[in-house]
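Since the structure comes first, as structure tokens, the remarks are kept for the end.
4 protein chains.
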Amino acid sequence: MKHTIETKTYYFDTDAEGVVYYANYLKWMEMGRTELLESKGINLIELREKEGLVFPVKNLSISYHAPAKLYDAVIIETELEGIKGVRFPFKQRILKKQGQILLVEGTLELAAVDRASLKPKRLPDYLKKLDLKN
Amino acid sequence: MKHTIETKTYYFDTDAEGVVYYANYLKWMEMGRTELLESKGINLIELREKEGLVFPVKNLSISYHAPAKLYDAVIIETELEGIKGVRFPFKQRILKKQGQILLVEGTLELAAVDRASLKPKRLPDYLKKLDLKN
Amino acid sequence: MKHTIETKTYYFDTDAEGVVYYANYLKWMEMGRTELLESKGINLIELREKEGLVFPVKNLSISYHAPAKLYDAVIIETELEGIKGVRFPFKQRILKKQGQILLVEGTLELAAVDRASLKPKRLPDYLKKLDLKN
Amino acid sequence: MKHTIETKTYYFDTDAEGVVYYANYLKWMEMGRTELLESKGINLIELREKEGLVFPVKNLSISYHAPAKLYDAVIIETELEGIKGVRFPFKQRILKKQGQILLVEGTLELAAVDRASLKPKRLPDYLKKLDLKN
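Protein chains in written order, with this note's numbering: chain E, 1 to 134; chain W, 1 to 134; chain D, 1 to 134; chain Y, 1 to 134.
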């Protein structure tokens with residue numbers, strides 16, 4: 001199931017070509033993943049502060065089809081294909097709201113790691129039982 | 001041939017886990033590609049302002065092995081594997097200087113496009129003749 | 001009259017001390033000013049593309065009282081004290097939503113300038129007549 | 001005494017007006033202050049990790065005179081006017097290297113605080129004895 005949020009392009013997102021800078025789409029993708037997980041009832045602050053569990057990106061693959069421009073309304077679509085051990089594979093797409101034009105799409109894999117050691121860390125049981133695909 | 005530059009991590013590169021934010025490595029990668037091209041005698045400002053030629057990233061694939069931390073000296077290695085039509089395929093690696101530890105590596109493909117239309121655009125002849133691999 | 005928007009802190013806003021990086025509050029302030037002007041019926045895209053009119057910050061003075069942290073909900077308050085010639089003086093405050101704690105406050109002055117020359121530029125009449133204080 | 005570093009504008013510094021985004025000059029100012037302190041023999045990593053001492057900005061006042069553009073070489077000048085208790089008052093200026101044109105200038109005050117509590121914290125004696133003005 002696709003989770004969807006909306007945002008808008010400000011000057012701080014753009015670069016001298018009048019378009020969103022290629023690294024800044026990754027910020028919107030962080031927003032999308034965060035809001036998907038929160039919408040599933042996952043309390044990221046609690047996992048971080050009580051369990052010492054955080055979720056850095058381990059690898060990503062992104063295609064840039066068309067650019068967002070200043071003050072464009074954009075849609076960030078996020079899908080999580082279940083949890084594989086400590087890995088969270090996401091699919092994300094960014095669309096221009098007007099005309100629903102695909103701008104950027106990518107796959108990103110996150111890992112559950114211990115906040116102090118940055119080593120892989122088992123998930124709490126309740127998290128493994130969540131239905132994150134739907 | 002590998003082109004190499006060095007930089008250093010400041011607070012503005014880092015995030016609340018005490019490491020460089022995943023999107024910020026892409027800024028260092030822009031620095032590395034820019035300096036490689038300039039070192040080959042390519043005048044990016046002139047190409048942009050006189051020829052209307054710019055080089056956005058079309059796709060990228062990145063693996064994160066270990067994080068850079070505050071004030072770490074880092075090395076950015078950049079290789080360009082020739083030019084394929086209007087496409088510029090790069091390999092880039094970021095290492096922690098102390099111990100030469102591999103932090104991040106990726107492949108990125110740029111395209112020569114017209115600055116106004118953002119459509120693919122032929123390269124000037126002198127650019128095609130440059131030996132960018134060595 | 002105070003104009004108010006809400007946002008939330010993500011990893012990309014924070015730095016290695018676990019708090020929002022001092023320059024990133026200025027991004028939230030841009031969001032606040034943009035949304036105030038749009039709420040008054042000012043079409044910033046049209047002013048930019050049809051009139052060549054843009055509004056860079058000319059000076060600012062900011063005090064940092066307390067930091068926003070990861071995933072904090074924050075409120076951005078923006079006030080515009082009328083227009084003085086081509087100058088737009090703003091007061092802005094950022095509060096932590098929970099407890100309404102003042103985090104950052106500042107005064108910022110913007111100028112209407114021509115997009116190409118960056119020189120001061122007269123405002124269109126309809127803009128001068130707008131009641132921006134209330 | 002003025003401390004000076006040089007850097008260069010990349011796409012990630014710029015915005016859709018083709019100039020450096022107003023908040024990004026503050027990143028260059030962080031670079032300038034960091035390098036001044038390191039040049040005086042202050043080990044910021046050691047102060048942070050062994051003494052728990054960090055130096056957030058408490059207030060700043062900045063004037064924007066002219067913008068830096070893509071690939072401009074810029075100079076960051078930093079002066080520290082001694083230490084006042086736990087306060088470090090800085091003057092900083094950013095110039096375009098070509099023509100030595102003043103772009104941005106400001107005063108910024110930092111405070112020595114405890115990393116965990118963010119409360120003001122006494123400086124180690126050796127730091128108080130340093131001649132930071134010259």
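Just so it is clear, CB atoms sit at the ideal spot from N, CA and C, and this is done for glycine as well.
Beta carbon proximity, residue i to chain D, threshold 8 Å
| i | result |
| --- | --- |
| residue 15(W) | yes |
| residue 25(W) | no |
| residue 103(W) | no |
| residue 33(Y) | no |
Contact with chain W by residue i, beta-carbon distance below 8 Å
| i | result |
| --- | --- |
| residue 141(Y) | The structure shown does not extend to residue 141(Y), since chain Y is modelled only from 1 to 134, so the question has no answer here. |
| residue 107(Y) | no |
| residue 93(E) | no |
Backbone CA spacing between residue i and residue j [nearest angstrom]
| i | j | result |
| --- | --- | --- |
| residue 110(E) | residue 26(E) | 13 Å |
| residue 62(Y) | residue 88(E) | 44 Å |
| residue 36(W) | residue 3(W) | 6 Å |
| residue 5(D) | residue 94(D) | 10 Å |
| residue 67(E) | residue 104(E) | 8 Å |
| residue 106(Y) | residue 58(D) | 12 Å |
| residue 39(Y) | residue 22(E) | 34 Å |
| residue 116(E) | residue 96(Y) | 42 Å |
| residue 120(W) | residue 9(Y) | 25 Å |
| residue 132(W) | residue 31(W) | 17 Å |
| residue 65(Y) | residue 11(D) | 32 Å |
| residue 118(Y) | residue 69(W) | 21 Å |
| residue 43(Y) | residue 7(Y) | 22 Å |
| residue 60(E) | residue 1(Y) | 47 Å |
| residue 71(E) | residue 18(E) | 11 Å |
| residue 15(W) | residue 16(D) | 5 Å |
| residue 122(Y) | residue 85(Y) | 8 Å |
| residue 41(E) | residue 53(E) | 16 Å |
| residue 91(Y) | residue 91(E) | 47 Å |
| residue 56(E) | residue 130(D) | 48 Å |
| residue 20(E) | residue 20(Y) | 14 Å |
Contact with chain Y by residue i, beta-carbon distance below 8 Å
| i | result |
| --- | --- |
| residue 12(E) | yes |
| residue 21(E) | yes |
| residue 1(W) | no |
| residue 4(W) | no |
| residue 18(E) | yes |
Buried or exposed (CB count within 10 angstroms, at least 16 for buried), residue i
| i | result |
| --- | --- |
| residue 45(D) | exposed |
| residue 33(E) | buried |
| residue 29(W) | buried |
| residue 24(D) | buried |
| residue 13(Y) | buried |
Proximity test, Cβ basis, 8 Å: residue i and chain E
| i | result |
| --- | --- |
| residue 30(D) | yes |
The region 47-59 of chain W: positions lying closer than 8 Å to chain E by Cβ: 54, 56, 57, 58, 59
Inter-stretch contact at 8 Å, needing at least 3 Cβ pairs: the region 86-101 of chain D / the region 71-78 of chain D: yes
The region 80-94 of chain D / the region 36-51 of chain Y touching (three or more Cβ pairs under 8 Å): no
Stretch-stretch touch, CB-based, cutoff 8 Å, three pairs: the region 115-132 of chain D with the region 111-118 of chain E: no
Near-chain E residues of the region 60-85 of chain D - C-beta to any C-beta below 8 Å: 70, 71
Members of the region 106-125 of chain Y near chain D, C-beta cut-off 8 Å: 115, 118
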